[in-house]
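In my numbering, the protein residues as written are 4 to 537.
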């Protein structure tokens with residue numbers, strides 16, 4: 004015998020059954036049935052100031068915790084507002100569930116003047132989700148939310164969307180809510196493992212390239228063991244930062260760029276093991292990154308594994324299970340080699356860092372790293388200092404470096420940092436953002452204040468959309484247009500929010516400001532003047 008509840012209650016019961024402990028959103032007249040049910044639920048609600056912020060918060064929560072984030076979103080404008088952060092989550096393979104309302108089924112999409120009606124709400128979300136559907140009855144609510152979680156936790160993790168029209172939210176129905184069955188990760192085919200082990204054993208010099216799938220699957224320990232067994236340098240994509248500690252003797256991080264000394268490894272290798280990376284255009288400079296003739300690719304997504312660089316062998320399976328199997332089989336065969344000596348890797352790493360793009364800003368990167376503990380989280384935006392950090396900020400643990408890598412959305416860092424801090428309240432979480440990008444989502448400072456989150460909010464400020472201006476200087480003969488900004492006084496803005504605000508005029512001052520801010524139970528705005536040559 005099931006439980007007879009309203010549709011709004013069915014939403015909350017299903018979320019509870021899947022272990023959801025926090026949701027992000029803004030109430031609206033179409034979602035009040037859900038919010039009324041949340042009053043009687045242990046699920047915590049984080050009130051954002053814009054649906055875009057709520058979506059990024061759910062994303063940051065998922066990146067920090069490894070569990071799906073959830074956003075509760077109103078019909079129409081709420082959906083179009085959340086589409087941007089969900090597009091980011093889709094591009095970066097982050098599991099986020101959006102539960103939205105819609106007008107009554109009889110009227111949905113007919114554009115008859117109903118509040119918030121959208122011509123094709125499911126169509127909007129189809130473009131940015133792995134899976135989305137509409138619940139047409141109360142029993143379907145729990146069934147579809149269960150399917151949404153199954154989709155997010157099998158195969159490639161990506162966002163999902165369940166739409167619950169207003170008439171379903173208000174209606175009563177009988178539901179069966181069962182706890183989800185554990186889903187085992189996909190193990191590699193033993194024959195694929197044996198073939199890969201034979202190829203690795205026969206190779207003279209192996210290089211490992213780890214992507215976001217390595218982090219998502221928890222493969223970091225196995226990758227470290229594999230690198231040590233093979234003497235193999237480990238490069239990472241941006242999303243792969245943290246798949247090996249960047250102070251490990253075999254780590255080369257995300258240091259590759261055209262002409263980098265890292266190419267000595269890539270050109271000198273005869274086999275590359277690519278783990279959980281699509282080898283995308285941004286990381287490989289549109290497939291200009293050299294790769295050896297033999298490429299073994301490990302990926303959970305069969306549609307991704309043959310793109311960009313054709314593999315010699317493809318293993319469609321969970322990255323962590325596959326790398327662990329490779330380590331165990333290599334050990335059983337007694338395979339151990341020194342593809343590169345640690346001192347060779349250290350020399351390449353040192354030379355690559357010295358000539359990396361943005362190396363003149365190394366003192367600010369050092370300030371960030373010195374102030375943030377090894378397990379602290381740096382949340383970056385689409386800003387020049389973030390691009391520098393992708394190369395030069397060393398990451399030591401998985402899930403401690405966030406960047407909007409795939410979609411490239413400005414305004415990501417502050418709300419994503421809020422989500423990360425909610426997921427990991429004991430960790431230091433530091434968002435960095437440019438003065439332009441900050442103003443995309445700066446209203447979420449109010450969210451951080453309301454929930455008393457001790458976030459050091461670092462604004463690198465040069466009153467310019469610097470990335471665009473640099474491109475205009477390089478490609479348009481310095482014909483600047485629409486890039487210079489008139490900004491508020493960010494220290495005074497902090498005062499308006501009733502929180503500390505400081506101006507850090509040097510790298511040392513920045514490091515001290517971050518340390519001081521992290522000791523508070525309120526956010527601190529740290530205005531950091533900076534200059535880039537272009």
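Heads up, the beta-carbon is just placed ideally off N, CA and C, and yes, glycines get one too.
- With respect to the 8 Å criterion, residue 418 and residue 383 are not classified as neighbours on the basis of their beta carbons.
- For residue 93, the uninterrupted alpha helix (DSSP H) run begins and ends at 80-94, by DSSP.
- CA-to-CA, the gap between residue 201 and residue 213 works out to about 20 Å.
- DSSP, read as helix, strand or coil, puts residue 200 in helix.
- Comparing alpha carbon positions, the residue from 281, 8, 250 closest to residue 305 is 281.
- A contact is defined here as three or more CB-CB pairs under 8 Å, and the segment 42-51 meets this definition with respect to the segment 5-22.
- Nearest Cα to residue 229 within the set 481, 414, 334: 334.
- Residue 186 counts as exposed, since fewer than 16 other beta carbons sit within 10 angstroms of its beta carbon.
- DSSP, read as helix, strand or coil, puts residue 492 in coil.
- With contacts defined by Cβ atoms closer than 8 Å, residue 125 and residue 91 do not form a contacting pair.
- For residue 23, the secondary structure class from DSSP, reduced to helix, strand or coil, is coil.
- Under the DSSP assignment, residue 416 falls in the alpha helix (DSSP H) whose first and last residues are 416-426.
- Here residue 510 carries a helix assignment [DSSP, helix/strand/coil].
- Taking C-alpha positions only, residue 242 is separated from residue 268 by approximately 21 Å.
- Contact between the segment 361-378 and the segment 219-237 is absent: fewer than 3 CB-CB pairs across the two stretches fall below 8 Å.
- In this structure, residue 328 sits away from residue 221, with a CB-CB distance that is not shorter than 8 Å.
- Short of 8 Å from the beta carbon of residue 168, and not among the five residues preceding or following it, lie these beta carbons of its own chain, in chain order: 104, 105, 106, 107, 108, 111, 137, 138, 139.
- In the DSSP assignment, residue 532 is bridged to 464.
- For residue 161, there is no enclosing beta strand (DSSP E), since its DSSP letter is neither H nor E.
- The shortest CA-to-CA distance from residue 386 to any of 466, 318, 340 is the one to 466.
- Taken through DSSP and simplified to helix, strand or coil, residue 459 comes out as strand.
- Distances from the CA of residue 448 to each of 416, 469, 471 were compared; the closest alpha carbon is that of 416.
- Residue nearest to residue 472 within the set 462, 500, 490, 439 is 439 (criterion: CA-CA distance).
- Excluding five sequence positions before and after residue 537, the CB atoms of its chain that fall closer than 8 Å to its own CB belong to 469, 472, 473, 476, 477, given in chain order.
- Approximately 6 Å separates the beta-carbon atoms of residue 508 and residue 532; this is inside 8 Å, confirming the contact.
- The alpha helix (DSSP H) runs lying completely inside the segment 95-155 and spanning 4 residues or more are 124-129, given in chain order.
- Contact annotation: residue 159 and residue 96 have beta-carbon atoms nearer than 8 Å.
- A distance below 7 Å between beta-carbons, with the five flanking residues on each side excluded, links residue 399 to the following residues of its chain, in chain order: 248, 249, 250, 377.
- Rounded to the nearest whole angstrom, the CA to CA distance from residue 290 to residue 260 is 11 Å.
- Annotation: the continuous beta strand (DSSP E) that includes residue 175 extends over 175-178.
- Here residue 207 is exposed: its Cβ has fewer than 16 other Cβ atoms, across all protein chains shown, within 10 Å.
- For residue 74, no alpha helix (DSSP H) encloses it; the enclosing beta strand (DSSP E) starts and ends at 72-76.
- Under DSSP, residue 49 shares a beta bridge with 27.
- Inside the segment 195-263, DSSP marks whole beta strand (DSSP E) runs of 3 or more residues at positions 209-213, 237-239, 254-256, from first to last along the chain.
- Across the structure, residue 312 and residue 262 are spaced so that their CA atoms are roughly 19 Å apart.
- Taking all protein chains shown into account, residue 157 has fewer than 16 neighbouring C-beta atoms within 10 Å of its C-beta and is therefore exposed.
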